[in-house]
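Add 206 to the 1-based position in the sequence shown for our numbering, that's all there is to it. Glycine included, every Cβ here is placed at the ideal spot set by N, Cα and C. Keep in mind it's a predicted model, so treat the numbers as computed, not measured. Here is the structure we will look at, set down as structure tokens.
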Amino acid sequence: MTTTRFAPSPTGYIHIGNLRTALFNYLIARQAGGKFILRIDDTDKERSKQEYIDQLQRDLEWLGITWDRMEQQSTRLDLYHDAAQKMRDMGKFYECFESPTDLDLKRKKQLNMGKPPVYDRAALGLNDEDKNDLRKTHDGYWRFMLDHERIEWNDGILGDLSIDAASVSDPVLIRADGQILYTLASVVDDTDMGVTHVVRGSDHVTNTATQIQIIKSLGGNVPSFAHHSLLTDAQGGALSKRIGSLSIKDFRENGAEPMAIVSMMVALGSSQPVVLGNSIDELVANFDLKNFGSAPTKFDPEEVERLSTSWLRAAPLAQVESDLSDIPPEHRADFWAMASQNVEKRVDIKELWDLISKPITPMIDEADKEFIETAMSLMPVGPWDDTTWKTWSGAVKDATGRKGKELFLPLRKAIMGREHGPDMGKFMNLKGRFH
Ligand code: GLU
């Protein structure tokens, strides 16, 4: 069965770049009628926080991304230790003792000599006695010994890729303090959970090469991999510098619409235009990784605002019902027909409802006093309805000779108490029911 996963590390709030990863994996699973797993990569005890786990679930739910299974790596440590033992037994796992400073020095030397900074496997030269001596002063860390061959795969976005394993350092899978590192936990989980497709950012391409070898050595099935481009700001700079301000949580708090965000993110960086949908399910059928390219993808947060407003203005009543709870149900459709044309964000709904439900303080300029008096004398008798504005403004026009802005603006200011606002016809029709 097609099985995908989204595997955030709960060390911060998820941001717009993570959302792309989540969404692509989600859509692949849904399209195939498969499974989508939310996997919390929390083997880093110090940096992982429950608060981030809670928030990322809220964020995904808000976006309409649902998962079929949730797992936390911190509860699966035994599995990773078993796999480590298996690799030790196969002679593929070796203990090293260099400190971070030693490694840094090695890298600098290599770079100075114009060589790639690949770990030199010096630890393989240690005999048991050396290791015992070293263990007295510090704990060892563990590396997987890569076979020096070319690692090849057909990437779902980048096409045929081939990486020379000799150009990559043997990956560290367990730290000296015993912490299981991402690569080990991830390959064990991908195999154990039957993950068939992995989409992630192109910053993971080298990891993928090493993970393919590790999965094979553990006897697992290698998933299909695809690496999407990374997002950049409008100038092409790395987004990460500003990531704090681009969390999903912040977008939500700033009034962005979830469907605007997902509709945008499913099109950005692809050959497809943005089509604003009403539910994430509508995006499933048309999703195709083949539409995405490898070039860095520019992301403009203002576009989210623009699309959110467009989405909201076109939203059917059912989509905003929860924001209309103060409004008597029988008036909601007319209210939304009026308000939807004037909202930028959902918070604006309240202000527009106040305009209907609360008394208005008329705005009448000194110069318009007489004009408004005449206008008021021409107000049709009886409750205001959907014809009132047209009839009234027509009568005022005929009586005063005013037209255009000269006519409409003072009338609006007198009736609505403001210069800009909803359509006068719709407004008077609704207002008539509440005053
Ligand atoms: N926790 C990893 C990350 O957030 C997951 C990468 C992966 O999809 O394998 O980068």
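Count the other CB atoms, across all protein chains shown, that sit within 10 Å of the CB of residue i; report buried if there are 16 or more and exposed otherwise.
| i | result |
| --- | --- |
| His626 | exposed |
| Thr503 | buried |
| Thr343 | exposed |
| Met622 | buried |
| Asp687 | Limits of the chain in this structure are 207 at one end and 641 at the other, which puts residue 687 out of reach. |
| Arg349 | buried |
| Ser485 | exposed |
| Met276 | exposed |
| Arg608 | buried |
| Pro306 | exposed |
| Gly442 | exposed |
| Gly610 | exposed |
| Ala440 | exposed |
| Arg294 | exposed |
| Asp339 | exposed |
| Gly157 | In the structure as shown, the chain begins at 207 and stops at 641. Residue 157 is therefore absent and cannot be evaluated. |
| Ala328 | exposed |
Would you mind working out which of the options sits nearest residue i, comparing C-alpha positions?
| i | options | result |
| --- | --- | --- |
| Leu262 | Pro214, Thr281, Arg226 | Pro214 |
| His537 | Glu550, Gln547, Leu523, Arg264 | Leu523 |
| Ile562 | Leu584, Met585, Pro586, Pro534 | Pro534 |
| Thr281 | Ala289, Arg313, Asp247, Ala473 | Asp247 |
| Gly591 | Ala605, Met630, Met622, Lys611 | Checking the sequence shown, residue 591 turns out to be Asp, not Gly. Comparing Cα positions, the closest option is Met630. |
| Gly638 | Asp574, Lys564, Ala601 | Lys564 |
| Gln278 | Arg618, Gly426, Ile259, Lys556 | Ile259 |
| Leu285 | Ala520, Glu355, Arg341, Asp398 | Asp398 |
| Asp571 | Ser546, Arg618, Ala545 | Arg618 |
| Asp370 | Leu364, Ser392, Ile418 | Ile418 |
| Ala620 | Leu636, Glu358, Met296, Glu576 | Glu576 |
| Arg226 | Phe614, Leu636, Arg608, Leu437 | Leu437 |
| Asp487 | Val472, Val374, Ser476, Ala543 | Val472 |
| Pro507 | Asp326, Glu463, Asp540, Asp409 | Glu463 |
| Ala601 | Lys611, Thr580, Pro616 | Thr580 |
| Lys168 | Leu530, Met296, Arg624 | Missing from the structure shown is residue 168; the chain here goes from 207 to 641 and no further. |
| Arg624 | Asn231, Pro568, Ile363, Asn492 | Pro568 |
| Lys292 | Gly426, Ser528, Lys611 | Gly426 |
| Trp359 | Lys314, Ala605, Thr416 | Thr416 |
| His641 | Ile566, Ile578, Leu613, Lys611 | Ile566 |
| Ala573 | Leu613, Leu229, Lys315 | Leu613 |
| Asn413 | Ile357, Ile363, Glu511 | Ile357 |
| Ala444 | Gln478, Ile234, Asp409, Lys556 | Asp409 |
| Leu229 | Ile555, Leu615, Pro616, Met465 | Met465 |
Once the 5 residues before and after residue i are set aside, which same chain residues still bring their CB inside 7 Å of it?
| i | result |
| --- | --- |
| Asp361 | Leu367, Phe431, Ala432, His433 |
| Val553 | Gly461 |
| Asp532 | Trp559 |
| Ala289 | Leu390, Val394, Leu424 |
| Arg406 | Thr227, His433 |
| Leu474 | Thr503, Phe505 |
| Glu355 | Ala371 |
| Glu509 | Met470 |
| Ser476 | Asn497, Phe498 |
| Leu352 | Ala371, Val374, Asp376, Thr416, Gln419 |
| Ala605 | Thr580, Leu584 |
Could you name the residues of the same chain whose beta carbon sits closer than 6 Å to that of residue i, not counting the 5 residues immediately before and after it, in chain order?
| i | result |
| --- | --- |
| Thr209 | Gly240, Lys241, Gly400, Val401, Thr402 |
| Ala382 | Asp345, Tyr347 |
| Ala238 | Thr208 |
| Thr515 | Glu550 |
| Val411 | His433 |
| Ile220 | Pro214, Leu262, Asp265, Ile454 |
| Met634 | Trp590, Thr594, Trp595 |
| Tyr325 | Ser375, Asp376 |
| Asp274 | Lys241, Phe242 |
| Leu530 | Arg538 |
| Lys312 | none |
| Val404 | Pro429, Phe431 |
So, for residue i: in the same chain, excluding its five sequence neighbours on each side, which residues have a beta-carbon less than 8 Å away from its beta-carbon?
| i | result |
| --- | --- |
| Ser469 | Val480, Val481, Leu482, Gly483, Leu489, Leu513, Trp517 |
| Ala520 | Leu482, Ser546 |
| Thr217 | Asp250, Arg253, Ser254, Lys255, Tyr258 |
| Lys337 | Glu301, Phe303, Gly346 |
| Glu527 | Arg538 |
| Asp540 | Lys632, Asn635, Leu636 |
| Leu283 | Thr249, Ile386 |
Would you check if the segment 427-435 and the segment 309-327 touch, i.e. whether three or more CB-CB distances between them fall below 8 Å? no
Can you find at least 3 beta carbon pairs, one from the segment 263-274 and one from the segment 292-306, that sit closer than 8 Å? no
Three CB pairs or more closer than 8 Å across the segment 451-460 and the segment 382-402: no
Determine, using beta-carbon pairs with one atom in the segment 595-603 and one in the segment 575-587, whether at least three such pairs fall under 8 Å. yes
Does the segment 242-252 come close enough to the segment 492-500 that 3 or more CB-CB pairs lie under 8 Å? no
Flag this pair as touching only if the segment 331-343 and the segment 368-379 have three or more C-beta atom pairs under 8 Å; answer yes or no. no
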